[in-house]
Structures are given as C-alpha cells and as structure tokens.
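K.L.:
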Amino acid sequence: MTSSVQYKKVPKSMDGVPSGGTSGGTNGSPNGNGPSGDGSSNGSPGYAWANPSEADAAGHIIDTRPQYIKTIQNSIRILKKYARFVGPGLMVSVSYMDPGNFSTAVAAGSAHRYKLLFSVLVTNILAAFWQCLCAKLGAVTGLDLAQNCRKHLPPNLNLLLYILAEVAIIATDLAEVVGTAISLNILFKVPLPLGVILTVIDVLVVLIAYRPNGSLKLVRWFEAFVSLLVFATVVCFAIELFSVHIESVGDVFKGFLPSKAVFEGDGLYLSLAILGATVMPHSLYLGSGVVQPRLRDYDIKEGNYHPSQNDEDNNHDNYKPSIDAIHDTLNYTVAELLVSLFTVALFVNCSILIVSGATLYGVTSNNAQEADLFTIYNLLSDTLSKTAGTIFVLALLFSGQSAGIVCTLSGQMVSEGFLNWTVAPALRRALTRVVAITPCLILVLVAGRNGLSGALNASQVVLSLLLPFVSAPLIYFASNKHIMKVPLTIDCSQDSSNSFTLQDLSLNNVDSSSPAPTDSTLLPQETGDDEVDTNSRNNEVPLTNNNNEPIQYKDFSNSIPTTIIAVAVWLFISGLNFYLLISFSSGQDVHL
1 MTSSVQYKKV PKSMDGVPSG GTSGGTNGSP NGNGPSGDGS SNGSPGYAWA
51 NPSEADAAGH IIDTRPQYIK TIQNSIRILK KYARFVGPGL MVSVSYMDPG
101 NFSTAVAAGS AHRYKLLFSV LVTNILAAFW QCLCAKLGAV TGLDLAQNCR
151 KHLPPNLNLL LYILAEVAII ATDLAEVVGT AISLNILFKV PLPLGVILTV
201 IDVLVVLIAY RPNGSLKLVR WFEAFVSLLV FATVVCFAIE LFSVHIESVG
251 DVFKGFLPSK AVFEGDGLYL SLAILGATVM PHSLYLGSGV VQPRLRDYDI
301 KEGNYHPSQN DEDNNHDNYK PSIDAIHDTL NYTVAELLVS LFTVALFVNC
351 SILIVSGATL YGVTSNNAQE ADLFTIYNLL SDTLSKTAGT IFVLALLFSG
401 QSAGIVCTLS GQMVSEGFLN WTVAPALRRA LTRVVAITPC LILVLVAGRN
451 GLSGALNASQ VVLSLLLPFV SAPLIYFASN KHIMKVPLTI DCSQDSSNSF
501 TLQDLSLNNV DSSSPAPTDS TLLPQETGDD EVDTNSRNNE VPLTNNNNEP
551 IQYKDFSNSI PTTIIAVAVW LFISGLNFYL LISFSSGQDV HL
C-alpha cells in the first residue's frame, strides 16, 4: 500500500533554499539553530515540514515513519472515510431482498431445494456489475439514468422507455405492497385491501418528509432509517438459519454450483424469476440517483458549487459534479455498494431459499404453486415454533416497508427524470405512488389470497423481460466518451458562463521554480491525450489562457473489456428471456 505523506509547505527564496537559512542546518540556519529549517515547526514566518517527515537538501519529502505505522494510519483513515459513504449501497441492496425475492426464493426452495442457489449467486454478481455502472454514470454525469435518457435520447425513444419503466415500477410495487399486506394480515389480522392502503399512507408520509436534494445530514438520517429496516431483516434471517434443521451442509454448498435443474422445466422459469427479483429495473434508476448528494455536498463545501434558492425543488438540474468530487467519492461509493450487495443482499436471498428448501421441499408435492408466503409461515410455525414463523413474517414486513420506500423513490426518479414534471414535489410523489399502486389494490381485491404467489412470481418474470430494455441505455451511456467526459475545471454549473479561470483561483502568483512541493507544482502537465495525472485536488485545473484553447477533459467511459462484458451480460439475459418466450409459445412446462 502506497502511503500518502502529509507535509506543510515551506516558503522558498528565489534560489530555492528554505527561507531563514540554508538547507544544511538541522533547523534551517547555517549553524543548525536558526528558525524555519527542514524539520522544525517554529521560527520565521511560513511553514516547516511536518514531523515525522523530513526534507533532504533538494527539498524532497522523506517519510521516516515505520511501515506498520503507515499501514495502520492509512487503514484508519480509509475506514473513517468509508464510514461517511455508508448508506446508498444499503438502500440499493433493499431492491435485492424485497418481497418479490421472498416469493421466488420460496418457490425455488420448495421445488428444487438448494439447487437454485447457483441462480441466486449469478444474479447477485450481475446485479453488482450493473450497479457499478449505475454509480459511475450518476457520479460522472450528475444525472440519474432517467435524466440521461431524456437528455441524450430521441423524444419518441425516451417516451417508450418511460412507459416500460413505469410498467417495471408497477410490477415492483405489486410485490412490495402485497408482501407488506400479507405480513400485516398474518401478524395483525389486517384485511389485505386495508393492508395495501396502509402501506401507501406510510410510504407517502416518509416521502413527503424526505428531501433528497436537501442537506446531506437529512439524507443520512433517511438512509439510517432504511438501513435499520435492512438490519432488522438480516437479524431475522440469521435467527431463522439457526432455527431450521439442515440435513447436509454439503448439499447447501453444492447448490452454488451449476446443475441441470437450473435449465430444465420450471427451473428455468424460477431462475428467470430470481433474476427479475434480484436485478430489478427500478434499482438501476435508484443506483444512479442516490450517489449525487455526497458529490454535491463535497462541491458545496469546497466552494465549487453554489445552489440557487429553488434548487431543492428543481433537483439541482444545473449541477454537474467537479472532477475533484468524482475522484473523492467514486471509489468509496463503489466499494460501499459492493460490500452491501455481497454481504447483506446475498445473505438474505440465500437465507430465504435455504430456509424454504429445508422446510418446504417435499412437503408441497414439488408444486411451487402451493409454496406461497402463507404456506411457509404455517410450516415454520408447525414444524419449528410459532416464534420461527413470526420472525419470518417480521422479516417480510421489514423488507416490504423498506422496499416500498425505495421503490417509490425510484418511481419518483423515473417520472421526474423522463418527463421533467414541474408540479410541487409532494404532489408529484403522491401521484407517482397512486399510479403505481392502483393495479396492486385491484389485484388484491380480485384475487384475494388465492393466486397471490403466482402473481408475485409472474411479476418478477415481467421484470426480467423488461431488464434488457432498461439496461441497454445504461451500457450506451457508460461507454460513450462524449457523455462520460469531465472537464478539468472546478465549475459545477452546466452554464459555462460561470466557469472559473486560473486567475480566479489565484494560482498564477505561485513561484513554480521552487523544488519544494507547492501548489504550482501540482498543475497538470501536457500528456498528449485526454488522460492526465489526478493525484491531487489542484491537478485537475487546466492550464488556460486568453486564446480560447480547448478545455482538457478526463474520460470516464467504460474500457473496451468492460464494454464487452456489459454487452455479453446483456446478450445473456436477453437470450434467456427469448428462450423463455419460445418455451412458453411451444407449450413446454416452464410455468407455475
């Protein structure tokens, strides 16, 4: 690990020697006792090298700390900074452990026991890959996926994608709201229609109070609330795993290996349902939209961006992240996202399937239609204990509440991003929720308990079929050099009339002839292409003049290997969907 040496600047005289003495004295004076030398922090006005770093005769930094001290200090510094980014990844992970996952995982476990754990693992890897692209797109452009569609795609195509996105939101809401209604029905005997209405009211109250474009402190409080629901879900399933009896742990681990059960009969249908429940279209809009608050907070604190009075209601449409904000936040954002997906989301999804496989396999006559959420509650209560069944339903309730909130946020991003609504935010959120929730209420009133499991699983397959249409623009945007380039300036306004110049930064008065590390030595050097060194904040400031020379840019678009992988994943998902449609049309038994 390469350590970053911290130092303080030493003002230099015209000949490059530290002021107050020569470079040979231990404290700056010719005899070694004068002020402001190579290591002392006192003496004449100016700065001295910060201990324990020292400077040699040429003014170069020498870090004298032991290696283990540097490693520990750097690790602590990284962990402290990482802690500031915890939140968005947990919110995104909610999309991968919602009631739709409960329904499909229960059906998969009851029909194939642990064999479809392979499908859970693969879809989680695909989800992590897509979400990394989303985070990068949102951080570099300052826009979520829906806003990028409106900005860069033809109007007719943008409208088509909006319609498909709304269908995805409705299919997602069907799982979230019905799952919560089922949990309320089991726990408190609340009728299913009333349970649906209660979830709408609860989510609307949270959304009216939530201000994603307000202060970062409020955003973090909201993230903490959602994270608490996620943590409660994880605790519930940890208890469930210790409660159920697993005959062979080896069979569980074998389930993570590919088998023919994944591709035969209803195994393919269930695998696609797991894919739709895990890599959900609405999560791509969410993942590209939750990264902006920390970027914007960085630029506001650094003085790079000054929001106007009405920015909070207009989603900061004039904001574009600075190169410094991107470098400061992107890596930590991606790291927090991956940790959340490969710990919380993967654990919960695997736990659902393992618990259902251990309790339902063979009991439901290998018919996944019988393996609904009511069934697993009854079986857990009868075979283990009433507490085990209650804990499972509590996990369903926590999951449904958090997923409902996150889904509504995604619906808000979709409607605002694609259509750029100008109505009041509270009214806009209410309309978005009502439009998405109406089919859910109709389904509950018409179907009741019977058929809910099949409807939930079918909704996840619909999401899987819609995924290629949502992910295709993501690949295009993230691979486009024009969209993913960032000017090497600190202007965060889309309006170039407010751009800063080198004179605005007052860097032109720095003497760059000094060998000591000063701000002037941190200016970017010509490299012959768009790529420049980006190790410090001031590295990103371009050398400008009055001749209107082209501004330098840094390219954040996907590399060729990443683009190839993205296209291959897209073709893989599209191929599975096409195969499923062909199987349906030919009358093969791939349905529930």
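In the UniProt record's numbering, the protein residues as written are 1 to 592.
Quick reminder that beta carbons are idealized off the backbone N, C-alpha and C, glycines included.
(1) Under three-state DSSP, which class holds V434?
(2) S479 and S574 look like a contact to me (Cβ under 8 Å); what is the Cβ gap, rounded to whole Å?
(3) Run through DSSP, which three-state label would K151 get?
(4) Using DSSP's beta-bridge definition, name the partner residues of Y285.
(5) State the start and end residues of the unbroken beta strand (DSSP E) segment that holds G487.
(6) Sort A139, F242, S227, S75 by Cα distance to D328 and report the nearest one.
(7) Taking all protein chains shown into account, decide if A107 is buried (16 or more other Cβ within 10 angstroms of its Cβ) or exposed.
(8) Using a Cβ-Cβ cutoff of less than 7 Å, which residues in the same chain neighbour N314 once the five nearest sequence positions on both sides are dropped?
(9) Any heavy atom of the ligand ATP closer than 7 Å to the beta-carbon of K151?
(10) So, A399 versus G389, is the Cβ gap smaller than 8 Å?
(11) Taking all protein chains shown into account, do 16 or more other C-beta atoms lie within 10 angstroms of the C-beta of W130, making it buried, or fewer, making it exposed?
(12) Between G411 and Q67, what straight-line distance do the alpha-carbon atoms span, to the nearest angstrom?
(13) Provide the residue(s) that pair with residue 608 in DSSP beta bridges, ordered along the chain.
(14) Taking the alpha-carbon of Y476 as reference, which of A430, P487, T563, L187 has the nearest alpha-carbon?
(15) Just the Cα atoms here: how many angstroms apart are V122 and Y298?
(16) Which value, in whole angstroms, describes the spacing of the CA atoms of E223 and I62?
(17) Relative to the C-alpha of I376, which candidate in F102, S95, I69, G89 has its C-alpha closest?
(18) Could you spell out the range, first to last residue, of the alpha helix (DSSP H) harbouring W130?
(19) Is it right to say T231 is buried, meaning 16 or more other beta carbons lie within 10 angstroms of its own, or is it exposed?
(20) Out of Y579, I76, Y361, S93, which one is the CA nearest neighbour of residue 593?
(21) Starting from the Cα of K485, find the closest Cα among S322, L341, V470 and give me that residue.
(22) Run through DSSP, which three-state label would Y579 get?
(23) Quick check for students: name the residue ranges of the alpha helix (DSSP H) that lie wholly in the segment 337-405, counting only runs of 4 or more.
(24) When the Cβ atoms of the segment 393-407 are set against those of the segment 254-269, are three or more pairs found closer than 8 Å?
(25) Please report how far the alpha carbon of M280 lies from the alpha carbon of E336, in whole angstroms.
(26) Less than 8 Å between C-beta atoms, sequence neighbours within five positions excluded: which residues of the same chain meet that for I197?
(27) Considering only residues of the same chain and omitting the five flanking positions on each side of G292, which have a CB-CB separation below 7 Å?
P.N.:
Reading from the atomic positions:
(1) The answer is helix: DSSP assigns V434 an H, G or I state.
(2) Cβ-Cβ separation between S479 and S574: approximately 17 Å, too far for a contact (criterion under 8 Å).
(3) DSSP, reduced to helix, strand and coil, places K151 within a helical segment of the structure shown.
(4) According to DSSP, which records beta bridges pairwise, Y285 is partnered with nothing at all.
(5) At residue 487 the sequence reads Pro, which differs from the Gly that was named. In the DSSP assignment, P487 falls within the unbroken beta strand (DSSP E) covering 485-487.
(6) Comparing Cα-Cα distances from D328 to each of A139, F242, S227, S75, the minimum goes to A139.
(7) The residue is buried, with at least 16 neighbouring Cβ atoms inside 10 Å.
(8) Bear in mind that the predicted position of N314 carries a pLDDT of just 48, short of 50, making it too unreliable to give a figure here.
(9) Among the ligands in the structure shown, none appear at all, so the ligand ATP cannot be discussed.
(10) The sequence shown places Ser at residue 399, rather than the Ala named in the question. The Cβ-Cβ distance between S399 and G389 does not fall below 8 Å.
(11) The C-beta of W130 has 16 or more other C-beta atoms within 10 Å across all chains shown, which makes the residue buried.
(12) About 50 Å.
(13) Residue 608 lies beyond the stretch modelled for the chain, which goes from 1 to 592, so this question has no answer here.
(14) Taking only the C-alpha atoms, the option nearest Y476 is T563.
(15) Rounded to the nearest angstrom, the gap between the Cα atoms of V122 and Y298 is 35 Å.
(16) Their Cα atoms are separated by approximately 42 Å.
(17) Looking at the Cα atoms, F102 is the closest of the given residues.
(18) 117-141 is the span of the alpha helix (DSSP H), which, as asked, contains W130.
(19) Going by the sequence as given, residue 231 is Phe instead of Thr. Label assigned to F231: exposed.
(20) With the chain covering only 1 through 592, there is no way to say anything about residue 593.
(21) Ranking S322, L341, V470 by Cα distance to K485 puts S322 first.
(22) In the structure shown, Y579 sits in a helix (DSSP, three-state: H, G or I).
(23) For the segment 337-405, whole alpha helix (DSSP H) runs of length 4 or above, ordered along the chain, are 346-360, 373-383.
(24) Remark: fewer than three beta-carbon pairs, one from each stretch, lie closer than 8 Å, so the segment 393-407 and the segment 254-269 are not flagged as touching.
(25) C-alpha separation (whole angstroms): 19 Å.
(26) Only L441 meet the Cβ criterion.
(27) Correcting the residue identity first, residue 292 is Gln in this sequence and not Gly. For Q292, where only same-chain residues beyond five positions count, the Cβ hits under 7 Å are G138, G142.
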